[in-house]
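When we follow the working numbering, the leftmost residue of the sequence shown carries the number 4, and every step to the right adds one. For glycine and all other residues, C-beta sits at the position ideal for the given N, C-alpha and C. Taking it in order: structure first as structure tokens, then the write-up.
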Amino acid sequence: MMMDSGSVWKKACALAFVMDFGGGLIGLAVPMLAVHLKAPPSLLGVIGAAVPLGYMLFCFLAQPLTDRWGRQKSMVIGSAAVTVLNAVLTFVAMKGIVWALGVLGFFVGASLAFFWPPTQATAGTGVPAHRLLTALLAYNLSWNSGRMLGTGLAGQLFEWHPSLPFLIATCASLCVTLLALRLRLPFPVLKASDSIGSANDPLALRLALSAQLGNFVRSFAFFETIVLFPALGKQWGWTEAEVSKLLSWMFVGQIAAFFAALLLLRSAGWRWVIGVKLSVGLITASVGVLTHRWALTVALLSLGVAMGLTTVVSLYLSITTQGQSVKGSARHEAGVGGGGVFGPMLGGFALEHASSQVAFLLPALLTAALLLCWDLPLLSQQAKGEWQTAK
4 MMMDSGSVWK KACALAFVMD FGGGLIGLAV PMLAVHLKAP PSLLGVIGAA
54 VPLGYMLFCF LAQPLTDRWG RQKSMVIGSA AVTVLNAVLT FVAMKGIVWA
104 LGVLGFFVGA SLAFFWPPTQ ATAGTGVPAH RLLTALLAYN LSWNSGRMLG
154 TGLAGQLFEW HPSLPFLIAT CASLCVTLLA LRLRLPFPVL KASDSIGSAN
204 DPLALRLALS AQLGNFVRSF AFFETIVLFP ALGKQWGWTE AEVSKLLSWM
254 FVGQIAAFFA ALLLLRSAGW RWVIGVKLSV GLITASVGVL THRWALTVAL
304 LSLGVAMGLT TVVSLYLSIT TQGQSVKGSA RHEAGVGGGG VFGPMLGGFA
354 LEHASSQVAF LLPALLTAAL LLCWDLPLLS QQAKGEWQTA K
């Protein structure tokens with residue numbers, strides 16, 4: 004039976020919640036297991052980068068296949084592969100095989116690249132342009148709530164038994180596969196609002212790419228924080244459950260940002276794109292110099308707000324400039340993967356050979372480089388074009 008297109012985005016929200024609940028469990032349990040097995044920070048960074056590396060590469064490689072197969076088939080294949088790999092990770096956690104965490108993590112990321120871009124694109128299906136932000140609020144709340152719940156529970160479950168977070172994540176991804184099998188998606192039709200432009204507007208595409216680069220910075224900071232905090236917590240004498248609860252404040256901040264975006268974001272222009280990018284870089288730098296729990300709570304809450312706004316801006320511009328393809332969603336998700344690769348790897352290297360202050364300064368340096376090499380030159384070109392038109 005064909006599903007009403009107006010309800011499809013709600014199904015996408017349900018899938019996103021369950022899948023990212025499992026993702027939250029795996030995302031924190033993997034570095035916790037690596038620390039438990041006495042992996043040094045540099046190896047911890049490599050292991051933490053494995054999932055995003057596979058995800059980044061296959062976001063580009065899988066996009067033509069997703070367009071050819073259709074969104075529903077791609078979502079089923081991706082979630083089924085994740086289920087199998089999570090089951091293998093459960094066995095790895097029982098045996099304590101540290102090198103397998105990186106290898107299996109890469110294939111988990113590759114499998115997720117078949118799931119997340121079509122799921123994200125489906126969140127805009129059947130939604131009028133003037134209600135797109137509302138639909139994206141529901142979608143962002145769904146995956147973020149799932150990720151927050153998974154991250155918050157991972158530490159306690161790990162203390163009970165290191166394999167338990169992986170086992171529950173296996174059950175979650177299996178549920179997603181069964182739900183995705185029941186989806187029947189209509190042909191997607193989505194028109195961008197006049198304030199943003201279309202898929203053929205070069206200015207709109209450049210603005211969207213700048214927002215996607217901001218999402219890269221957000222992902223860099225996010226994965227660096229998730230992967231490195233178990234090692235820092237161990238240095239400070241914290242338990243896995245305490246680290247898990249502290250990191251959950253990032254997700255609380257993101258939830259607040261999603262609601263704020265609905266009220267504040269009327270058009271996603273250069274001020275928003277640059278402003279959220281700067282906020283992520285600067286707040287992450289402050290995380291590196293703090294050690295008191297209450298100060299870290301405030302910093303991570305604020306960082307979550309900045310990350311949430313960055314996500315909304317990038318996601319909104321990606322969907323409204325991609326037409327009927329999933330190309331914009333794939334670029335948005337590739338930014339997630341790319342930041343997730345370089346954040347843990349470079350952060351882990353800096354933590355082992357320098358300090359936490361240097362490690363968490365990296366997103367601010369990345370932001371400055373992107374502003375100088377991409378945003379400011381584009382703004383200068385746009386200003387010159389407008390001045391010449393006015394003449």
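Pop quiz: residue i and residue j are said to be a contact at Cβ under 8 Å. What is the actual Cβ separation, rounded to whole angstroms?
i: ALA265; j: THR137; result: Per the sequence shown, residue 265 should be read as Leu rather than Ala. That belief holds up - the Cβ atoms of LEU265 and THR137 are roughly 7 Å apart, short of 8 Å.
i: LEU249; j: LEU303; result: 7 Å
i: ALA260; j: VAL316; result: In fact, because the Cβ distance is near 10 Å, the residues do not count as touching under 8 Å.
i: THR154; j: PRO121; result: THR154 to PRO121, Cβ: 24 Å. No contact.
i: CYS62; j: GLY340; result: 6 Å
i: LEU208; j: THR324; result: 6 Å
i: ALA211; j: LEU320; result: 4 Å
i: GLY27; j: PHE109; result: The pair is not a contact, with the Cβ atoms about 19 Å apart (cut-off 8 Å).
i: GLY158; j: GLY350; result: GLY158 to GLY350, Cβ: 20 Å. No contact.
Any heavy atom of the ligand SAM inside 8 Å of the beta-carbon of residue i?
i: GLY350; result: Inclusion of the ligand SAM in the displayed structure is not the case, the ligand content being empty and no account of it being possible.
Do you know how far the Cα of residue j is from the Cα of residue i?
i: THR242; j: LEU206; result: 49 Å
i: VAL11; j: PHE117; result: 18 Å
i: ILE29; j: GLN385; result: 44 Å
i: GLY338; j: ILE171; result: 28 Å
i: ARG221; j: LEU354; result: 19 Å
i: PRO233; j: GLN66; result: 34 Å
i: PHE262; j: PHE24; result: 20 Å
i: LEU18; j: ALA126; result: 10 Å
i: SER198; j: GLY272; result: Unreliable placement is indicated for SER198, whose pLDDT of 42 sits below 50; the coordinate value is still reported in the next sentence. Approximately 9 Å, taken between the alpha carbons.
i: GLY256; j: GLY278; result: 17 Å
i: PHE20; j: LEU139; result: 13 Å
i: LEU156; j: PHE226; result: 18 Å
i: SER251; j: MET310; result: 13 Å
i: GLY346; j: ALA224; result: 6 Å
i: GLY200; j: HIS133; result: Interpretation of GLY200 is limited by its pLDDT of 48, a score under 50 that renders its predicted location unreliable; no figure is taken from the coordinates.
i: LEU375; j: LEU368; result: 11 Å
i: ALA32; j: VAL38; result: 10 Å
i: LEU382; j: MET59; result: 28 Å
i: LEU186; j: SER145; result: 18 Å
i: ALA393; j: LEU312; result: Reliability of the predicted coordinates at ALA393 is poor, the pLDDT of 41 falling under 50, and the value obtained from them is presented with this limitation in mind. Near 34 Å, if we compare the C-alpha coordinates of LEU312 and ALA393.
i: PRO44; j: LEU235; result: 10 Å
i: SER82; j: THR180; result: 5 Å
i: GLY99; j: LEU40; result: 7 Å
i: MET35; j: ALA214; result: 32 Å
i: LEU182; j: GLY112; result: 20 Å
For residue i, does the count of other Cβ atoms within 10 angstroms reach 16, so buried, or fall short, so exposed?
i: ALA52; result: buried
i: LYS280; result: buried
i: LEU135; result: buried
i: PHE190; result: At PHE190, the pLDDT of 47 sits below 50, so the modelled position is not reliable and the matter cannot be decided from this model.
i: HIS335; result: buried
i: TRP119; result: buried
i: MET97; result: exposed
i: LYS14; result: buried
i: TRP239; result: exposed
i: GLY73; result: exposed
i: SER359; result: buried
i: TRP275; result: buried
i: THR294; result: exposed
i: PRO380; result: exposed
*Write down every uninterrupted run of the alpha helix (DSSP H) in the region 91-166 whose length is 4 residues or greater and which is fully enclosed by it, in chain order.*
List check, alpha helix (DSSP H) in window: 101-125 and 135-163.
*Do the region 172-189 and the region 81-89 make contact, defined as three or more Cβ pairs closer than 8 Å?*
They touch, by the three-pair rule.
*Is the number of C-beta pairs between the region 282-299 and the region 355-364 that are closer than 8 Å three or more?*
The region 282-299, when compared against the region 355-364, does touch it at the 8 Å Cβ threshold.
*asked:* Below 8 Å, how does it come out for the region 142-156 and the region 94-105: are there three or more Cβ pairs, yes or no?
replied: Counting Cβ pairs under 8 Å, fewer than three are found: no touch.
*Which ranges does the beta strand (DSSP E) cover as unbroken runs of at least 3 residues, wholly within the region 217-260, from first to last along the chain?*
If we require 3 residues or more, the region 217-260 turns out to have no beta strand (DSSP E) run fully inside it.
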